[in-house]
Every structure is written in C-alpha cells, then in structure tokens.
Amino acid sequence: MMTLKMRKLALLALGAALCSCAPGLGRSLGVSPITLSNTESPSSNSTTAVQLQLRPFVDNRPSQAIAIIDGRDVNSKGDLGDQVKQAFETSLKDRGIDTANPNAPIVSGQISSWFVRIDPSFPVSSAFAEATLVIEVSNLSNQVVFTGKYSGDTVLKHPMLTESRISDALAQAMAYAIDEALRDDRLMSQIQSTAQTTDEARSWR
C-alpha cells in the first residue's frame, strides 16, 4: 500500500516530469527565419518575365499574441510584416522575378493570422501553428484587381518542446502559406495581365 510520503514523492516526480516537457516561454516570442526550399520558375506558362513592385506587408492580426500556453498569451517579438515580406521577396527573386519595377503591378501583403497553441503534457508536448497571408495585386492607379488568401499549418510533438522549436514551427507554417501563394497560377497570371494592360495604356499616350 502506498504511504502518504510515497504519494508525495510520486506527485513531485510527476510535476518535475511535466516541467521538463513544458517550454519556458517568457512574455514575448520571436519567429525563426522563414525559409522555403522550393526554387521553381514562375508557375505561369507565359514566357514573359514576371515583373512587379513589392510593397510593405502589414501585420493585421486581431491580437498581438502569437502563442498561448497554459491559458497565458505570449506576444510577438519583432516586425512580423517585414519578416514575411523579406521571405516572400527572397522566394520571388529565387524564381527570377523582378520585385522592384516601378512601372509594374503593385503587390502587397497582409498577415491576417499567425498563431501557435501549445499543449504542455507528459511524456510528449504538442504545438499547433497556423498562418494566413492575404496577397493583393493592384494596378498603377492603386485599384485592387486581385486578392488571394493563403494558409499554412504544422503540428509539432516532442518530449522537449523548446522555445526555438516553437519558433521554428511558426516559421514553417508561414513558409507553407507563402509557398501556396507562389504556386497559385491565378496570382502570377493576374500580375502579368495587369502589367500587359498597363503597357497597352502607356503605349496609347
């Protein structure tokens, strides 16, 4: 029969095990660099080179919280809009796309959600990260001609769920959203058709 002392020791051992599995997050959390492995050419079948002018990305999340653990919100750290824009721009350039043509269609982005929910548990903790990115294409008159919504998510399970692993999961979720955008034939086709319309209007002047 288990004595009171043995029960206390068992509870202490369980508590220590749970603490070892739970990530020690502070008041804020940064996101790891966003990297995409895909370096394919533009998805459009047109041989015309894709050109655009990339504008700043805006953080339009409804809350500054980027994580929740044990019912506690953890706010984001750093300029997330700029971080996503840099990753998006790097991926475009890897595909041979000119992102700084002042006479090309305008492409901008909005982060509508980016969040990770953490479940500390024993023997394995889990984290579910999701991201949603809105991409808009506008003509030189700043009229929006296309809006696309792209999402990505990832699930992470690990006995030692550290802060760096959680940051990596957030980055991976956004990388999936960016990759979905770059694979959207409608997006690239709209950029090219808007550029063609702009060129035709300029030729008539």
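For what it's worth, this note's numbering labels the leading residue of the sequence shown as 1, then goes sequentially.
Using N, Cα and C, we set each Cβ at its ideal position, and we do this for glycine too.
{"Asked": "Runs of alpha helix (DSSP H) wholly within the stretch 137-201 (minimum 4 residues, chain order)", "Found": "163-182"}
{"Asked": "As assigned by DSSP and simplified to three states, the class of residue 133", "Found": "strand"}
{"Asked": "Residue 148 beta carbon less than 8 angstroms from that of residue 131", "Found": "no"}
{"Asked": "Selection from 172, 57 and 77 that minimises the alpha carbon distance to residue 106", "Found": "57"}
{"Asked": "Whole-number beta carbon distance between residue 171 and residue 69, since they are thought to touch under 8 angstroms", "Found": "In fact, because the Cβ distance is near 18 angstroms, the residues do not count as touching under 8 angstroms."}
{"Asked": "Paired residues, beta bridge with residue 64 - DSSP", "Found": "According to DSSP, residue 64 bridges with nothing at all."}
{"Asked": "Spatial distance of residue 55 from residue 162 (CA atoms)", "Found": "34 angstroms"}
{"Asked": "Beta bridge counterpart(s) of residue 72 as assigned by DSSP", "Found": "69"}
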